[in-house]
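The listed protein sequences derive, respectively, from chains A and B.
Reading the first sequence from the start, the letters are residues 1213 to 1625 in this note's numbering.
Reading the second sequence from the start, the letters are residues 1213 to 1625 in this note's numbering.
This report refers to the structure that appears directly beneath it.
Number of protein chains: 2
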Amino acid sequence: MTCAVLTIGTEITRGELVNGNSAWLSERLTELGFEVTEHVSVDDDRDRIVEALRGLSARARIVMTTGGLGPTTDDMTTECVASMLGVPLERDGASLAAIQARFDRLRRTMSPSNAKQADFPKGATVLPNPIGTAPGFSVRIGGALAFFMPGVPREMQKMFVEHVVSAVKPLAPDDRHQIKLRTFGLPESVVGEKLAGVEADHPGVILGYRAHFPEIEVKVLAVSRDRVAARELCERAAQLVRERLGTFVFGEGDESFPEVVTAALRARGKTLAVAESCTGGLLGHLLTRAPGASAFLLLDAVTYSNAAKSSILGIDAAVIEANGAVSEMVCRAMAENVRARSGADIGVAITGIAGPTGGSEAKPVGTVFLALASAKGTRVVDRRLPGERHHIQMISAYGALRLILDEIMQGTP
Amino acid sequence: MTCAVLTIGTEITRGELVNGNSAWLSERLTELGFEVTEHVSVDDDRDRIVEALRGLSARARIVMTTGGLGPTTDDMTTECVASMLGVPLERDGASLAAIQARFDRLRRTMSPSNAKQADFPKGATVLPNPIGTAPGFSVRIGGALAFFMPGVPREMQKMFVEHVVSAVKPLAPDDRHQIKLRTFGLPESVVGEKLAGVEADHPGVILGYRAHFPEIEVKVLAVSRDRVAARELCERAAQLVRERLGTFVFGEGDESFPEVVTAALRARGKTLAVAESCTGGLLGHLLTRAPGASAFLLLDAVTYSNAAKSSILGIDAAVIEANGAVSEMVCRAMAENVRARSGADIGVAITGIAGPTGGSEAKPVGTVFLALASAKGTRVVDRRLPGERHHIQMISAYGALRLILDEIMQGTP
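Written out as structure tokens, the structure is:
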């Protein structure tokens, strides 16, 4: 069954914001089993809104619309739908009371323009807004079922999950299953090459990729005669994907690589200390984005200058002088000393040249050393990373996360 | 003059990527003086591509299209245009040679499917691709001028800047001027409230907002009888915006707040040391994203544990015990001690409760202390920040950046 998404607002057509609503809705609809064939965005113009709605409801069976439900004169979606259907607007008492209650709660006076948000085309089904003032609604337009939601992403998403999914789910073909695998360490083109033939070998399977740099999500979607067969097909294809990508697959679902690593640290009760140079605090930031870092992170010494490497980490200035700050020797000392000074189980260090300046023939931009020290000893790896400064920093921090995970998982059954 | 943007690709309609191309192109076209009225995205389907092109070229004078120019069978944009116009495809020798040269440079063999990328509808104007294999082209479709560019954002952007702008600029009304002001510290709704009436007082001025959390860009666009009048009108309105927003405006153009602060540090030759707790390295990361940080950043001690606050920064454990790690006293000591230990001109510290756990009645989640120590003495501020963990971390780091900028700018003529 085909779906279309219509997003309304001059802020979109002028490029003032990136249209995340279309992508979000399309991803959900695809997961539910629908085929999304078209997105349209129009500015706040009555004729263009009506023309777009007419076209989309003639071509698709379900139309998801966002935007234009606010209290201002720019917000004209509801009126457009009513005039297109040739029905009057009717005020909904329950919606009006909910809007009024919201203003009372915030101790603000409701303006008459907000009352307009309780008006709906006669015959519409109202969709309550769990977290904002603008309710949504659904109506039939010819052969299509059309849903109208607010443009604010959080409100739209909550309304969709709580009130729209249940209305459209019965219309979705119940014949598909999806598994999301999360990878890190391979460029998207190489992931694609490694998975060549998986679709051909598994008719009904579609692979999708989504890059959240530096992670790439591989979506394995299987369509078969029923849900059970789809799940079985999906699991077979996903197993092959796992085999082809090996340890580059670090998880499933929505958990990011830093979340996987920090969860492992917490689960094993291991403590960590970090010494960073070229990443400038990025590894610490990734480790502390999710709550609970105080259980494992004792210290992150961002020793950006050579003097700090000596004074804070106690690395002999002569060693830095002789080897350079970006060297195996200094990286090893950073990891070992930050571990010793903090008393952590694991010490991790990053030193490198993120560029664009600072490179030399012997140590070009992208030269990075990573080290991990534990009771078992110290491991140092060196890398030549491609790309721009931010890429080199991010891949270095992810490389250190990988060392930590490998260390924790070693000797795990 | 009206423009429309068509983006082609099943990865878009399935929601596998957020459609940044439409926003990017629309922002550029709006700046050039065009009115963008419609965006359409369709999947890789011949009929829908043709139908979308037909509709858009009937409704708009300029149509910008991206996607579907690659070498695979999914890529069918060029064929669709040729069949729609009723003209044959013709191979362009110069484009073929450029594609071949690119493969030679990368020492890869060109496959026959890549040769297809040198085919264009007869009569088209070829648009060279400065950084990828797929060239673009432009054709007239009825009364509209249509441009076809690759879907890869970097390639599309470069092609647009180098080959499309010069073709469309003569068609743009030469009657507008834009100034972008960058702000930090106020929520978007408050920025909007403070600027109420600016548009009404300056007919021809349109204000646009774009949030890059935690920064908000205010775009002042003025349209008048000619370019000179537009610039004059724009500058008057921008001046009023600056007055209304005061020091919340930190710059103009595209420079982010961390870039402004680090540029100021470099320009004054001041050195900096940082002590972070709840931000976990985020401030260091913001200071080192742009190159050149080694000129000013000596050290960032992310003392996440109390033990590290004592061992690395030399803060008396009894002081931490008596006041709590999140306290004015400890924050002051962090800033003063990191300055003393590193020998930096300025020491900055952040300690707080980013949540979601760890709050108490006296010190709820969002309680944050910021301190700055310099030769002039130490300043400590406390904040109660709303929002989720990541918001609290980001606003804390920005608050510390603000302290640094205020310190550097003090006594500046």
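The beta-carbon is built from N, C-alpha and C at its ideal position, and this holds for glycine as well.
Item, Value
"Kindly list, in the order they appear in chain B, the residues whose Cβ is closer than 9 Å to that of Gly1245 (chain A).", "Simply none; closest approach about 12 Å."
"Mapping DSSP to helix, strand and coil, what is Ser1586 (chain A)?", "strand"
"Would you decide whether Gln1451 (chain A) is buried or exposed? Buried here means 16 or more other CB atoms lie within 10 Å of its CB.", "exposed"
"What's the C-alpha gap between Pro1382 (chain A) and Phe1246 (chain A)?", "11 Å"
"What beta strand (DSSP E) runs, 3 residues minimum, are completely inside the segment 1591–1622 of chain A?", "none"
"My output table needs one value for Asp1466 (chain B): the three-state DSSP class, helix, strand or coil.", "coil"
"Relative to the C-alpha of Thr1491 (chain A), which residue among A:Phe1372, A:Ser1572, A:Thr1225, A:Gln1605 is closest?", "A:Gln1605"
"Would you call Pro1568 (chain A) buried or exposed, if buried means 16 or more other Cβ atoms sit within 10 Å of its Cβ?", "exposed"
"Secondary structure at His1251 (chain B), three-state DSSP: helix, strand or coil?", "strand"
"Could you check whether Glu1400 (chain A) and Ala1434 (chain A) sit closer than 8 Å to each other, using their CB atoms as the reference points?", "no"
"Could you work out which residues of chain B lie near Pro1503 (chain A), taking near to mean beta carbons separated by less than 9 Å?", "Ala1566, Gly1567, Pro1568, Thr1569, Gly1570, Arg1601"
"Just confirm the distance between the C-beta atoms of Ala1442 (chain B) and Asp1387 (chain B), as a whole number of angstroms; I'd bet it's less than 8 Å.", "6 Å"
"Suppose the cutoff is 8 Å on Cβ atoms and the five residues either side in sequence are ignored; what does the same chain contact list for Thr1474 (chain A) look like?", "Leu1499, Ala1502, Gly1504, Ala1505, Phe1508"
"What residue does the alpha helix (DSSP H) around Ser1554 (chain A) start on, and which one ends it?", "1540–1554"
"So with CB distances below 7 Å, who are the chain A contacts of Ile1220 (chain B)?", "Chain A residues near Ile1220 (chain B): none, gap ~11 Å exceeds 7 Å."
"Does DSSP classify Phe1425 (chain B) as helix, strand or coil?", "coil"
"Around the Cβ of Thr1285 (chain A), are there at least 16 other Cβ atoms within 10 angstroms (buried) or fewer (exposed)?", "exposed"
"Contact between the segment 1478–1486 of chain A and the segment 1423–1432 of chain A: three or more CB pairs below 8 Å?", "no"
"Which residues in chain A sit within 7 Å of His1414 (chain B), going by Cβ to Cβ distance?", "The contacting residues do not exist; His1414 (chain B) stays about 18 Å from chain A at best."
"If you scan the segment 1241–1303 of chain B from start to end, which runs of the alpha helix (DSSP H) of 4 or more residues do you find wholly inside it?", "1258–1271, 1289–1297"
"By the criterion of Cβ-Cβ separation under 8 Å, what are the contact partners of Asn1231 (chain B) in chain A?", "Val1230, Asn1231, Ser1234, Ala1235, His1251"
"So, helix, strand or coil for Asp1512 (chain A), using DSSP?", "strand"
"Please confirm whether Arg1478 (chain B) has its beta-carbon closer than 8 Å to some beta-carbon of chain A.", "no"
"Verify the CB distance criterion: does His1375 (chain A) have a CB-CB separation below 8 Å to chain B?", "no"
"Per DSSP, Ala1487 (chain A) forms a beta bridge with which residues?", "A:Ala1513, A:Ala1561"
"Grouping DSSP H, G and I as helix and E and B as strand, with all else coil, what is Pro1333 (chain A)?", "strand"
"Between B:Leu1229, B:Val1364, B:Glu1243, B:Asp1594, which lies nearest to Val1377 (chain B) when the distance is taken from Cα to Cα?", "B:Glu1243"
"Got a sec: which bits of the segment 1507–1536 of chain B sit with their beta carbon under 7 Å from any beta carbon on chain A, in order along the chain?", "Leu1509, Leu1510, Leu1511, Asp1512, Ala1513, Val1514, Thr1515, Tyr1516, Ser1517, Ala1519, Ala1520, Ser1523, Ile1524"
"Can you look up Val1338 (chain B) in the DSSP assignment and give me helix, strand or coil?", "strand"
"Is the Cβ of Tyr1610 (chain B) closer than 8 Å to any Cβ of chain A?", "no"
"Measuring straight from C-alpha to C-alpha, what distance separates His1603 (chain A) and Tyr1610 (chain A)?", "10 Å"
"If Ile1607 (chain B) and Ile1558 (chain B) are in contact, beta carbons under 8 Å, what's the gap, nearest whole angstrom?", "So it is not a contact: roughly 20 Å between Cβ atoms."
"Can you tell which of A:Pro1365, A:Leu1265, A:Ser1522, A:Arg1551 has the C-alpha that lies nearest to the C-alpha of Glu1291 (chain A)?", "A:Leu1265"
"His1497 (chain B) versus chain A: which residues are under 7 Å apart at the beta carbon?", "Gly1492, Gly1493, Leu1494, His1497"
"Which residues does DSSP pair with Lys1392 (chain B) in a beta bridge?", "B:Lys1431"
"For Glu1447 (chain B), go through chain A and note every residue whose CB falls closer than 8 Å to its CB, in chain order.", "Within 8 Å Cβ-Cβ: nothing; Glu1447 (chain B) doesn't reach chain A, min ~21 Å."
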